[in-house]
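Take any residue in the sequence shown, count from 1 to its spot, add 525: that is its number in my numbering. Don't be surprised by glycine CBs; every beta carbon is placed ideally from N, CA and C. Note sheet for the following structure.
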Amino acid sequence: MDELRGHGLRMGGCGGEAGSEREAGDGAADSGHARLRVGDERRLACGMAAVKRCDETRIRRRRHPVRGDETRRLCRMLRRRVAAAACLRHSAPVAWPGVRMSFELFPRNDPNLRRLLRRQLMGLASYLMFLVPLVYAVNEGWMRMDFSGLAWFVAAACAVNVFFFLAIRSGWTRRFQDPGLTLAQIATAVALALVMIHYSEEARSVLLMLFFAALFFGIFGLGTRQFLLLGTATAVGYWGLIQWEFRDAPAEDPRRKLEVLRLLTLSMIMLWMALLGSYVAGLRQNLRRRNAELAEAMARLRTLVAHDELTGAFNRRHLMDILTREKERTDRFGHVFTVCIIDLDYFKRINDSHGHAAGDDVLRGFTERMLASARKIDWLGRQDVDTTFGRYGGEEFLLVMPHTPLAGARVCVERIRDRVVAAPFETGAGPLEANFSAGVAEHRPGETVAETLARADEALYLAKTRGRGRTETAD
């Protein structure tokens, strides 16, 4: 059972919560509600591994009923917490019993889907707005239908909108180039408008505006070719309706000529709307492209502001910002953090003997190995805060180790040294060997960041005077 509690403790460290807190775990198991903050994929994988270990422990201890009951309770707690993490992160149900999913009509974690759903509701609102003149036309006898026929039409329109809404909300439409199915929705609206116009008499001229309202939604996602295709299909559909209604009427029938006039007017307006809509759609596409370019430029600017141009590591300004945040976190929660100033030994000799280009190659190679080594020494349970490494200036670098005491920081630096100096650095002047001296200082409560760095710098000076290639700690 101690082994199982150890699994729960490791799982809690990965997820930011103490998995061994029995009082919180039992309440979550009984209520079925998930209260777990979602971390990254590494934490979720760690929780899954903890559940697997719990299952294995439960199978091994089936022969002990008392301990088996306690094991099952802890396993249920771990399952529900990890399932809640997966559900909240991916917005997808997990096939584990006891976890309740909260369904969101407009998902907050997917702005594109939320935008498509709101646009779909706008289309439904346009259907309902045209219901007012239709009711008035039926009441005045200007339609060849009664209110029951109008009710069937409204039901069909609502059913079509519900179908499109569910198709978009379920994610089924993501496989298409246009997830909003704009062309299909407008074509459906045009077909419904043709049906309603077929049953109209005196109100036909007014109901022709249904076409314009349907085509207007094309500015959200249609191009010029699609606009022209829809306009042509609408005009051809109305022409076919005229031919069907006046199939037995003589060619000189004035009503037929009036319908031809309406068809010509409709065709011209649809052509103009298609051109105007495609122009607006083009403006939206250009705006979207410029926004993407601006976002990319801002991302590059943030990278340039926070990173050193030569090595690609964090620069001094960003390191000082990180240290300021670490100090605030330490003052608030009482956590410890340690800084380490690293200086390459005899770097000036490398520049003088082999040139500055070779020195730059050494700096870049040293940075690559340091970053790789710093990632390897990070362990789980640091609450989303990992080791930070950057260029402090010249051949000096700074290593920030949150949640690490002084003794542990020294061990980490020595492990990094073993990996960094294990092989020469490849340069344009050939392989060059380099070592470093390091000064480590743990931040003390009440002191400033500058004071902590000053103590680390004193430790670095001590390492230099004692022969270089070593690590010294500040008192």
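- prompt: Cβ atoms of residue 894 and residue 936: under 8 Å apart, would you say?
  reply: Your numbering for residue 936 matches position 411 in the sequence shown. Your numbering for residue 894 matches position 369 in the sequence shown. In this structure, residue 894 does not lie closer than 8 Å to residue 936 by Cβ.
- request: State buried or exposed for residue 637, treating a residue as buried only when at least 16 other CB atoms are found within 10 Å of its CB.
  value: Your numbering for residue 637 matches position 112 in the sequence shown. So residue 637 counts as exposed.
task: Between the Cα of residue 644 and those of 669, 841, 693, spot the shortest distance and give me the residue it belongs to.
output: Position 119 of the sequence shown, counting from 1, holds the residue named residue 644. Cα-wise, what sits closest to residue 644 is 693.
- request: Look up residue 964 in the DSSP assignment and give the residues it is bridged to.
  value: Along the sequence shown, read from residue 1 onward, the residue named residue 964 stands at position 439. Within the DSSP secondary-structure output, residue 964 pairs in a beta bridge with 866, 997.
message: Just to confirm the assignment, what range does the alpha helix (DSSP H) spanning residue 660 have?
response: Taking the sequence shown and counting its residues from 1, one reaches residue 660 at position 135. In the DSSP assignment, residue 660 falls within the alpha helix (DSSP H) that extends over 656 to 664.
field: Distance between residue 875 and residue 977 (C-alpha atoms, nearest Å)
entry: Here residue 977 refers to the residue found at position 452 when the sequence shown is read from its first residue. Here residue 875 refers to the residue found at position 350 when the sequence shown is read from its first residue. Their backbone Cα atoms lie some 30 Å apart in a straight line.
field: Buried versus exposed, by CB contacts within 10 Å (16 or more), residue 686
entry: The sequence position of residue 686 within the sequence shown is 161, counting from 1. It counts as buried.
task: Starting from the C-beta of residue 907, find all residues in its chain whose C-beta is less than 6 Å away, skip the five residues before and the five after it, and write them out in chain order.
output: Reading the sequence shown from its first residue, position 382 is the one you call residue 907. Confidence at residue 907 is low in this model, with a pLDDT of 37, below 50, so its placement is unreliable and the value that follows should be read with caution. Hits under 6 Å: 928.
- request: Report the option in 767, 773, 795 whose CA atom is closest to the CA atom of residue 782.
  value: Residue mapping note: residue 782 aligns to position 257 of the sequence shown, counting from 1. Minimum Cα distance to residue 782 is reached at 767.
query: Among the residues of its own chain, which have a CB less than 7 Å from the CB of residue 739, if the five just before and after it don't count?
result: Indexing the sequence shown from 1 puts residue 739 at position 214. So the list reads 711, 714, 715, 718, once near-sequence residues are dropped.
field: Contact under 8 Å by Cβ, residue 866 with residue 964
entry: Here residue 866 refers to the residue found at position 341 of the sequence shown. Here residue 964 refers to the residue found at position 439 of the sequence shown. Against a cut-off of 8 Å, the Cβ pair of residue 964 and residue 866 comes out as a contact.
- prompt: If you follow the beta strand (DSSP E) that residue 804 is part of, which residue opens it and which one closes it?
  reply: Counted from its first residue, the sequence shown places residue 804 at position 279. Premise fails: residue 804 lies in the alpha helix (DSSP H), 779 to 831, not in any beta strand (DSSP E).
- prompt: Is the segment 657 to 677 in contact with the segment 719 to 729, if contact means three or more CB pairs nearer than 8 Å?
  reply: Because the criterion of three Cβ pairs below 8 Å is met, the segment 657 to 677 and the segment 719 to 729 touch.
message: Once DSSP output is grouped into helix, strand and coil, what is the label at residue 957?
response: On the sequence shown, residue 957 is found 432 positions in, with the first residue counted as 1. Collapsing the DSSP output to three states places residue 957 in a strand.
- prompt: Mapping DSSP to helix, strand and coil, what is residue 969?
  reply: Counted from its first residue, the sequence shown places residue 969 at position 444. Reduced to three states, the DSSP call for residue 969 is coil.
- request: May I ask you to report which of helix, strand or coil DSSP gives residue 733?
  value: Your numbering for residue 733 matches position 208 in the sequence shown. Three-state result, residue 733: coil.
task: Alpha carbon to alpha carbon, how far is residue 834 from residue 847? Give it in angstroms, no decimals.
output: For the purposes of this step, residue 847 is identified with residue 322 of the sequence shown, where counting begins at 1. For the purposes of this step, residue 834 is identified with residue 309 of the sequence shown, where counting begins at 1. Whole-angstrom Cα-Cα distance: 19 Å.
- request: Return helix, strand or coil for residue 636, following the three-state DSSP convention.
  value: Reading the sequence shown from its first residue, position 111 is the one you call residue 636. Collapsing the DSSP output to three states places residue 636 in a helix.
Residue 700 burial status per 10 Å Cβ neighbour count (16 or more: buried): Counted from its first residue, the sequence shown places residue 700 at position 175. Residue 700 comes out exposed.
- prompt: Per DSSP, residue 918 forms a beta bridge with which residues?
  reply: By one-based count along the sequence shown, residue 918 stands at place 393. Per DSSP, 921.
query: residue 631 by DSSP, collapsed to three states: which one?
result: Locating residue 631 in the sequence shown gives position 106, where the first residue counts as 1. The answer is coil: DSSP assigns residue 631 none of H, G, I, E or B.
- prompt: Does DSSP put residue 912 in a helix, in a strand, or in coil?
  reply: As a first step, residue 912 must be located in the sequence shown, where it is residue number 387. Correct three-state label for residue 912: coil.
Residue range of the beta strand (DSSP E) that includes residue 759: Locating residue 759 in the sequence shown gives position 234, counting from the first residue. Counting along the chain, residue 759 falls outside any beta strand (DSSP E), though it belongs to the alpha helix (DSSP H) covering 749 to 770.
query: What distance in whole Å lies between the Cβ atoms of residue 950 and residue 887, which are believed to be in contact at a cut-off of 8 Å?
result: Numbered from 1 along the sequence shown, position 362 holds the residue referred to as residue 887. Numbered from 1 along the sequence shown, position 425 holds the residue referred to as residue 950. Indeed they touch by this definition, with Cβ atoms about 5 Å apart.
query: Which whole runs of the alpha helix (DSSP H) in the segment 670 to 724 are 4 residues long or more, in chain order?
result: Within the segment 670 to 724, the complete alpha helix (DSSP H) runs of at least 4 residues are 672 to 694, 707 to 723.
message: Using a Cβ-Cβ cutoff of less than 6 Å, which residues in the same chain neighbour residue 889 once the five nearest sequence positions on both sides are dropped?
response: Locating residue 889 in the sequence shown gives position 364, counting from the first residue. The residues are 836.
message: Counting C-beta neighbours from all protein chains within 10 Å, is the total for residue 939 16 or more, i.e. buried, or is it exposed?
response: Indexing the sequence shown from 1 puts residue 939 at position 414. Flag for residue 939 reads exposed.
C-alpha gap between residue 587 and residue 975, whole angstroms: What you label residue 587 is simply residue 62 of the sequence shown in a count that begins at 1. What you label residue 975 is simply residue 450 of the sequence shown in a count that begins at 1. Bear in mind that the predicted position of residue 587 carries a pLDDT of just 44, short of 50, making it too unreliable to give a figure here.
Whole-angstrom distance between residue 695 and residue 759, CA atom to CA atom: Working through the sequence shown from its first residue, we reach residue 759 at position 234. Working through the sequence shown from its first residue, we reach residue 695 at position 170. The straight-line gap from Cα to Cα measures roughly 30 Å.
Sequence-distant residues of the same chain with beta carbon closer than 6 Å to residue 852, five excluded per side: The count along the sequence shown starts at 1 and reaches residue 852 at position 327. Once the five neighbours on either side are set aside, the close Cβ partners of residue 852 are 974.
Coil, strand or helix - residue 727 by DSSP: Working through the sequence shown from its first residue, we reach residue 727 at position 202. In the structure shown, residue 727 sits in coil (DSSP, three-state: anything other than H, G, I, E or B).
query: Which of helix, strand or coil does DSSP assign to residue 549?
result: For the purposes of this step, residue 549 is taken as the residue at position 24 of the sequence shown. Because residue 549 sits at a pLDDT of 39, beneath the cut-off of 50, its placement in the model cannot be relied upon, and the following sentence gives the value as read from the coordinates. Residue state, collapsed to three classes: helix.
query: By Cβ distance, which residues of its chain are closer than 8 Å to residue 630, with the 5 residues on each side in sequence left out?
result: Residue numbering aside, residue 630 sits at position 105 when the sequence shown is read from its first letter. Only 642, 694 meet the Cβ criterion.
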